[in-house]
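Taken in order, these protein sequences are the chains called V and R.
For my numbering, count along the first sequence from 1 and bump the result up by 157.
For my numbering, count along the second sequence from 1 and bump the result up by 157.
Since the structure comes first, as structure tokens, the remarks are kept for the end.
There are 2 protein chains.
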Amino acid sequence: MRSTRQADDLSTAARIRDAAIVRFGRDGFGAGLRAVAADAGVTAGLVVHHFGSKDGLRAACDAHVLGVIRSEKLKVTTRSLNAITQLADVEQYAPYALYSLRSMQAGGELGRQFVDRMAEDALEYLEVGVQAGTIKPSRDPVARARYLTYHYTGYLLLWMSLYGGPVEIEQFRTELRRLADEVTLPALELFTDGLLTDRTMLDDYVEYVNAPPKP
Amino acid sequence: MRSTRQADDLSTAARIRDAAIVRFGRDGFGAGLRAVAADAGVTAGLVVHHFGSKDGLRAACDAHVLGVIRSEKLKVTTRSLNAITQLADVEQYAPYALYSLRSMQAGGELGRQFVDRMAEDALEYLEVGVQAGTIKPSRDPVARARYLTYHYTGYLLLWMSLYGGPVEIEQFRTELRRLADEVTLPALELFTDGLLTDRTMLDDYVEYVNAPPKP
DNA sequence: CGACTCATTGAACAGGTGTTTAATGTATTG
DNA sequence: CAATACATTAAACACCTGTTCAATGAGTCG
Numbered sequence: 158m159r160s161t162r163q164a165d166d167l168s169t170a171a172r173i174r175d176a177a178i179v180r181f182g183r184d185g186f187g188a189g190l191r192a193v194a195a196d197a198g199v200t201a202g203l204v205v206h207h208f209g210s211k212d213g214l215r216a217a218c219d220a221h222v223l224g225v226i227r228s229e230k231l232k233v234t235t236r237s238l239n240a241i242t243q244l245a246d247v248e249q250y251a252p253y254a255l256y257s258l259r260s261m262q263a264g265g266e267l268g269r270q271f272v273d274r275m276a277e278d279a280l281e282y283l284e285v286g287v288q289a290g291t292i293k294p295s296r297d298p299v300a301r302a303r304y305l306t307y308h309y310t311g312y313l314l315l316w317m318s319l320y321g322g323p324v325e326i327e328q329f330r331t332e333l334r335r336l337a338d339e340v341t342l343p344a345l346e347l348f349t350d351g352l353l354t355d356r357t358m359l360d361d362y363v364e365y366v367n368a369p370p371k372p
Numbered sequence: 158m159r160s161t162r163q164a165d166d167l168s169t170a171a172r173i174r175d176a177a178i179v180r181f182g183r184d185g186f187g188a189g190l191r192a193v194a195a196d197a198g199v200t201a202g203l204v205v206h207h208f209g210s211k212d213g214l215r216a217a218c219d220a221h222v223l224g225v226i227r228s229e230k231l232k233v234t235t236r237s238l239n240a241i242t243q244l245a246d247v248e249q250y251a252p253y254a255l256y257s258l259r260s261m262q263a264g265g266e267l268g269r270q271f272v273d274r275m276a277e278d279a280l281e282y283l284e285v286g287v288q289a290g291t292i293k294p295s296r297d298p299v300a301r302a303r304y305l306t307y308h309y310t311g312y313l314l315l316w317m318s319l320y321g322g323p324v325e326i327e328q329f330r331t332e333l334r335r336l337a338d339e340v341t342l343p344a345l346e347l348f349t350d351g352l353l354t355d356r357t358m359l360d361d362y363v364e365y366v367n368a369p370p371k372p
């Protein structure tokens, strides 16, 4: 039947890829090919037959996740300032969020692209806030967007590294909410009032970088 | 000669442990026992003879690093608010800093303890600032200290995950300085002026959490 | 139908891992 | 000096990894 191929479920290759995204997201990229194959109900040999190698499989996963992120709705992921509650919001995309985190943890190209993309979206979002008058302007908006993005992403990565070995998706979301609760007050305080009582450090610094010493 | 044992260098076990700290810090805990053994100029068998197992070796490394941190000067590590320049300052302790980062990345007990300790020190330091009038008080000082610590540590961890595969100690320090430069302006801006132009979000949140018990 | 292509499997392979074991040398002790 | 305990090594072991290979099966096309 041709219906077996396309209608029954997904194509076998796609099923393997999806299983790999979930498995890698849960256990990290140290997970074995045989585990991925078992999740997809196939054999390890078939995995490399379809994807060439484990790296090929990972590349396919990267491409797919990046495609999903780019395609449409996951722009929501970076629309909020709080990168933690962000991810908790989109329930159906939790596996992709987990996979992306693992990607950052393992340090692949997808990880870098993902973070850069989040920084771009954050910049956009911050600009809107500045225009609307709700967010203060910055002397270097790009640097600020990167700074905030790296911080929130790093917070999440650190938490996953410290407390999440193999991460179940359900546990992932509930823990995210707990983290968000823990973070909200200090974050709002910092965002509203800052931390320092006087501005000499900042003023001194901008004066320092604007005064070209000796070229 | 008994002098061979203690004076010539360190004891063999200590030499292995130190080599392991450096190697694990550079390559992560995936590094093989044979690599560690070769660094120490011994055999893999001897490593497990002394430490029982690879986990035993790692436990010994953890204990030693934690001991060094506790013992004395590494309190400096957490004295500055900026956790990045922190580590760049203490040159001789860079291997310990790297090892600790790997520990956080791998998620062992040492990683958790290290972060918790940094949070405690940050709390102490922030309190001093509050007393001195240079830092604004917080409604929840403990949460704020944890928040700031996790953020800066996470920033560092994210950077290492994304860009640092095997990390050379020299490269580690120079990169830390570059990161510090990149971060200084946005951080100072945020710490001085905050991010939001009005305080309704904060006030609403505080009112919300205080609503039930507070008359 | 026959030939051909592709998906799929199970077994085998080569390489790496942590660990074990037996042997050897080298101190320290009785 | 002899005996004993320890440090150390090289080789082997069992296991797990990604990958390869030959065989089997099912679907497609001429």
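Heads up, the beta-carbon is just placed ideally off N, CA and C, and yes, glycines get one too.
Just so you know, these numbers come straight off a predicted model, no measurement behind them.
Interface partners of residue i on chain R, CB under 9 Å
| i | result |
| --- | --- |
| V:Lys-211 | Ordered by position in chain R, no residue passes the 9 Å Cβ test against V:Lys-211, which lies about 15 Å from the chain. |
| V:Gly-264 | Met-317, Ser-318, Leu-319, Tyr-320, Gly-321 and Gly-322 |
| V:Arg-269 | Leu-319 and Tyr-320 |
| V:Tyr-282 | Near V:Tyr-282 there are no residues of chain R at all, since even the closest Cβ is about 12 Å away, more than 9 Å. |
| V:Tyr-250 | Going along chain R, no residue has its Cβ under 9 Å from V:Tyr-250, so there is no contact; the nearest lies around 20 Å. |
Cβ-based burial, residue i [other Cβ within 10 Å; buried from 16]
| i | result |
| --- | --- |
| V:Thr-331 | exposed |
| V:Arg-227 | exposed |
| V:Leu-238 | At V:Leu-238, the pLDDT of 48 sits below 50, so the modelled position is not reliable; the number obtained from the coordinates is stated separately. Label assigned to V:Leu-238: buried. |
| V:Ala-220 | exposed |
| R:Pro-323 | exposed |
| V:Ala-217 | buried |
| R:Leu-167 | exposed |
| R:Thr-235 | Since pLDDT at R:Thr-235 reaches only 45, below the 50 mark, its modelled position is unreliable, and no value is offered. |
| V:Glu-193 | Reading off the sequence, residue 193 of chain V comes out as Val, not Glu. Label assigned to V:Val-193: buried. |
| V:Ala-276 | buried |
| R:Leu-231 | Reliability of the predicted coordinates at R:Leu-231 is poor, the pLDDT of 48 falling under 50, and the value obtained from them is presented with this limitation in mind. It counts as buried. |
| V:Val-340 | buried |
| R:Gly-321 | buried |
| R:Glu-364 | exposed |
| R:Gly-265 | buried |
Extent of the continuous alpha helix (DSSP H) to which residue i belongs
| i | result |
| --- | --- |
| V:Tyr-250 | Segment: none, V:Tyr-250 is in no alpha helix (DSSP H) and carries neither H nor E. |
| R:Arg-416 | A question about residue 416 of chain R goes unanswered here, because the residues of chain R that appear run from 158 up to 372. |
| R:Leu-167 | Segment: none, R:Leu-167 is in no alpha helix (DSSP H) and carries neither H nor E. |
| R:Ala-194 | 190-197 |
| R:Val-366 | 357-367 |
| R:Ser-295 | Segment: none, R:Ser-295 is in no alpha helix (DSSP H) and carries neither H nor E. |
| V:Phe-329 | 326-350 |
| R:Leu-267 | 266-289 |
| R:Leu-353 | Neither: R:Leu-353 is in no alpha helix (DSSP H) and is coded neither H nor E. |
| V:Ser-228 | 211-228 |
| V:Phe-208 | 201-208 |
Anticipated Cβ contact below 8 Å, residue i with residue j, distance rounded
| i | j | result |
| --- | --- | --- |
| R:Phe-348 | V:Leu-305 | At roughly 13 Å, the Cβ-Cβ gap does not stay under 8 Å, so R:Phe-348 and V:Leu-305 are not in contact. |
| V:Leu-255 | V:Arg-172 | In fact, because the Cβ distance is near 18 Å, the residues do not count as touching under 8 Å. |
| V:Leu-319 | R:Gly-268 | 5 Å |
| V:Ile-292 | V:Leu-283 | 6 Å |
| V:Pro-343 | R:Asp-273 | So it is not a contact: roughly 16 Å between Cβ atoms. |
| V:Thr-310 | V:Met-261 | 7 Å |
| R:Leu-258 | V:Tyr-307 | Between V:Tyr-307 and R:Leu-258 the Cβ distance is about 15 Å, and since that is not below 8 Å, they are no contact. |
| V:Val-179 | V:Pro-252 | 5 Å |
9 Å Cβ cut-off: residues of chain V touching residue i
| i | result |
| --- | --- |
| R:Val-272 | Leu-315 and Leu-319 |
| R:Val-324 | Within chain V, no residue comes near R:Val-324; the closest Cβ sits about 11 Å away, beyond 9 Å. |
| R:Met-261 | Leu-315, Ser-318 and Leu-319 |
Contacts of residue i in chain V (Cβ-Cβ under 8 Å)
| i | result |
| --- | --- |
| R:Tyr-312 | Tyr-307, His-308 and Gly-311 |
Chain R residues whose Cβ lies nearer than 8 Å to that of residue i
| i | result |
| --- | --- |
| V:Ser-295 | Pro-343 and Glu-346 |
| V:Thr-291 | Leu-353, Thr-354 and Asp-355 |
| V:Tyr-362 | Thr-341, Leu-342 and Leu-345 |
Contact set between residue i and chain V, taken where Cβ atoms lie within less than 7 Å
| i | result |
| --- | --- |
| R:Ala-300 | Glu-339, Leu-342 and Pro-343 |
| R:Asp-350 | Lys-293 and Gly-351 |
| R:Tyr-256 | Those do not exist, as R:Tyr-256 stays about 14 Å from chain V at its closest Cβ, beyond 7 Å. |
Beta-carbon gap between residue i and residue j smaller than 8 Å
| i | j | result |
| --- | --- | --- |
| R:Ala-201 | R:Arg-191 | yes |
| R:Arg-334 | V:Glu-346 | no |
| V:Leu-223 | V:Gln-270 | yes |
| V:Asp-350 | R:Gly-351 | yes |
| R:Val-199 | R:Thr-169 | yes |
| V:Ala-263 | V:Gly-185 | yes |
Interface residues of chain R facing residue i [CB-CB closer than 7 Å]
| i | result |
| --- | --- |
| V:Leu-359 | Leu-345, Glu-346 and Thr-349 |
| V:Tyr-253 | Within chain R, no residue comes near V:Tyr-253; the closest Cβ sits about 18 Å away, beyond 7 Å. |
Any non-hydrogen atom of the ligand ATP closer than 7 Å to residue i Cβ
| i | result |
| --- | --- |
| R:Glu-325 | This structure simply doesn't include the ligand ATP, nor any ligand for that matter. |
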